[in-house]
Structures are given as C-alpha cells and as structure tokens.
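Asks:
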Amino acid sequence: MEKLHVKVPAVEAGGYDILIGGGILTDSVIAEFVADRRVMLVSDENVERAGILDGIKVPSGCEKFIISPAGELSKNISTVTAVIEKMEAAAMGRDSVIVGIGGGTVGDMAGFAAAIYKRGIAVLHIPTTTVSQADSSIGGKTGVDSTMSKNAYGCFWQPRGVIIDVRTLKTLDERQYRSGLVESLKHALIRDAEYFEFLETNVANLLIRDEPTLIRLAAYNCRIKAAVVEQDPTEKNLRRILNYGHTIGHAVETLCDYTLYHGECVAIGIVAASMIEQRIGIGTRERTNRIVDVLLALSQPVRIPAQCSIDGIIDIIRRDKKSVGAVPRLALIEQIGKACCKDSQWAHPVSTDIVQEVIAELREVGLE
Ligand SMILES: NC(=O)c1ccc[n+]([C@@H]2O[C@H](COP(=O)([O-])OP(=O)(O)OC[C@H]3O[C@@H](n4cnc5c(N)ncnc54)[C@H](O)[C@@H]3O)[C@@H](O)[C@H]2O)c1
Ligand SMILES: [Zn+2]
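The sequence shown lines up with residues 96 to 463 when you count with the numbering used here.
1) If contact is defined by three or more beta carbon pairs under 8 Å, each pair taking one atom from either stretch, is the region 407-425 in contact with the region 303-319?
2) Are the CB atoms of G234 and V324 nearer to each other than 9 Å?
3) Would you identify the three-state DSSP class for C250, choosing helix, strand or coil?
4) Jot down the residue ranges of each uninterrupted beta strand (DSSP E) in the region 194-233, minimum 3 residues, whole runs only, in chain order.
5) Which partner residues does L264 have in the DSSP bridge list?
6) Taking the alpha carbon of V422 as the reference point, which residue from S446, W441, L120 and F128 has its own alpha carbon closest?
7) Which residue or residues does DSSP assign as beta-bridge partners of V257?
8) Is A442 near ligand 1, judged by its Cβ being under 8 Å from some heavy atom?
9) In this structure, what does DSSP give as the bridge partners for R424?
10) Using the DSSP secondary-structure output, state which residues sit across from E97 in a beta bridge.
11) From A434 to A185, what does the alpha carbon distance come to, in whole angstroms?
12) Is A205 near ligand 1 - that is, is its Cβ less than 8 Å away from at least one heavy atom of it?
13) Is H515 near ligand 2, in the sense that its beta carbon is under 8 Å from a heavy atom of that ligand?
14) Regarding D112 and ligand 2, is the C-beta to nearest heavy atom distance less than 8 Å?
15) So, with DSSP's three-state summary, where would you put S138?
Now the structure itself:
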C-alpha cells in the first residue's frame, strides 16, 4: 500500500493522507481514518449494485444514503439537502464524518454536504472511477449543479483522507473507464514527461485494468495533482494548468449536448491545444502525433464532431472564465511534461484567428 501526504496550508493539522492500493478497502483501513466518529456513508445505486459496499460493515450508530438515480442527474442541491436532513434526523453531531464512496458526482456531493453541515464536518473520499481517482477526490473542490449550470453551488473543502482502491475500477463501464483516463494523460502532459512515457508503454496494461499498473497510475496522478493543489489551493493561478484541454473541450461538451463524455471532449481539447502550440511556435507535429497515438489507443475521439460549429465554439470560448476582453486564454504546454508559464501566468491569450484555424482543421481533416 502506498501512502502520500498532501499538505494544504489552510487545513487543520496541515494536510491529509492518500492511501493507494489494490483490495485495500477494508473496515480496518476505513476505521483508521474515521476513529470513533459516527459515519454517514454516501454512495450511489450503481456502486452499491457493483458490490463495492459489500465488504464494508456499517457500524451501529451509522447512517447510509444511496443516491438514486446515479450520476449527474442527482448532483443537485436537493440531494445534498436530503443527506443533511438524514444526518440531522439521526442527531449526528459536528464530530461525525461523511464517507463518500463512488465517482466524482458522489464525491462532489459528499464533500459539499460535509462542508456545510453544522458549518463543516470531516469527509473521507473513496473514489471508484478513473475520473475520481485521478482528479476529483484530490484538491478539495466540492459542489452541485443548479438548473442553469454545472457546479453553480460549491466551495473548497479539503477531505480528512482519501482511499484509492484500484480494484474498485474492475466493475466500471468500459467507456467511463477509458474516457476517465484522459485526465491522467493531461496530468502527464502538464507536469511529467516520464509519466507520459509510462502511459505510452502501458496502454495495453491499462486497457486490461492491470492492478499494479493502475496503482502506479494513481500514484503519479496523486503526486501531480497534490503538488499543484499544495501550491495553489484555491485556484488563483497555477491550478489553471489543470484546465489543459478543457477550454475547447468544454465548448465541444456543451455543443454536442453532452452526448460525448467529459474525458472524450477533453481528448479533443488536448489535440486542439497541441495544434495551437504548433502554430504559435511552442509545439511540434511529432509531439501532437505522440499524444494522438495515446488517445487513439484509448479509443478516444480526436476530431471535433460536425455538429459543433466553428462560431459556436468560438462564442463559448470567448465567454470562458479565463478570457479577458473576449480574447481566449488557454493553458498550454511548451514540452511534454512542462506547462507554459509566461510573465508568471499559466493561461495565455491566443488570437481568435488561430483558434478558428485549428478548429476548422480538426473538423475537416482530422488526424487519424
Ligand atoms: N471536484 C473536482 O475537482 C472534480 C474534478 C473532475 C470532475 N468532477 C465532477 O465529477 C463528476 C464526474 O465524475 P465521474 O466520471 O466519476 O462520474 P459519476 O460519479 O457519475 O460516475 C460515473 C458512473 O459510474 C458509476 N460508477 C462509479 N463507480 C463505479 C464502479 N466502480 N463500478 C461500476 N459503476 C461505477 C456511477 O454510478 C455512475 O453511473 C462530474 O460531476 C464532475 O463535475 C469534479
Ligand atoms: Zn476534466
């Protein structure tokens, strides 16, 4: 079992541990984090159906909340209210702990409920998807969607600990599993060339969900995300590099009406960013091809679907929170493993003409 420690300055006791392993999800490991606190276990119906909760005994005095339907549809304030009121009805005090077991939607809701229940209680994250193990369980972002936009309600709330058991990934749907790996590729591209080579040579092992490979993957991801979060816990600047591939990716995600998964859209966004880098002289065709090869091996899309118009994408990017005066700003890399930083900024203005050209090329010609 690997143990990492994340230092977050604003957190009581200075940080928290992330445990990584295969088959480590046992009562004793959970008990180590929870001690004698009362537990509210939050999970969803698919995670329960997959048998992931079976080995976990809920001690007396503990409560369980199973979210249904699973996924984004339930990631709203009503679900959080229901969790909180169940805790209140059970007279759970400020010394209780919420244990969230599931993907990013469960983690975001469990974290948010913990952040606001009686002005904040402890939360333990047990992520069970490729997205949540690489991304959402680390960094302390929590929140839920409004009827108008994603993550409209939310706050930063650091967990008491994170337990990553890669064995839980065995039951995850294939498309979810593969698209979630794109966030891992993103981490490698912005921070770690050796990690990128590890991905290039281990795609086949990842596809068969080989446990030792997944443990190494989780360790790389956690080290990278933790390092970025430690330096910029509330996303003032450096943390923007985690948006690599996300600016154009989000635009595609919106315009295709969420028929593509988030990771699939980020895959397209990464290819677009890589082509922009070529045009502004900090990238090469060879680098783009290496990235595309990994994405194709993971069966990810690398072209912009026809239904996304160039104007539609440009319009969304101009309104992106990083844009300044309608000029798009993008996180970019200057080498594999090295995000680009100019004038202490990690998001860079790119002329609309260049963005437009790249989108046109990705729609018409593609790279396959
Ligand atoms: N807080 C952050 O920093 C952060 C970062 C990235 C994403 N997110 C959020 O995370 C969410 C996406 O996360 P996700 O992709 O994990 O989605 P998810 O939680 O909806 O999980 C995907 C699906 O897989 C099921 N599932 C989960 N684990 C399973 C398992 N082991 N076996 C079988 N089925 C399983 C779920 O029930 C769900 O149907 C989004 O809401 C996004 O906004 C948050
Ligand atoms: Zn993402």
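Just so it is clear, CB atoms sit at the ideal spot from N, CA and C, and this is done for glycine as well.
Being a predicted model, the structure only gives us computed values, none of them experimental.
Replies: So, from the listed chains and residues:
1) no
2) yes
3) strand
4) 217-222
5) L264 is not bridged to any residue.
6) S446
7) I113 and H220
8) no
9) P444
10) I115
11) 48 Å
12) no
13) Given a span of 96 to 463 for the chain in the structure shown, any question on residue 515 remains unanswerable.
14) no
15) strand
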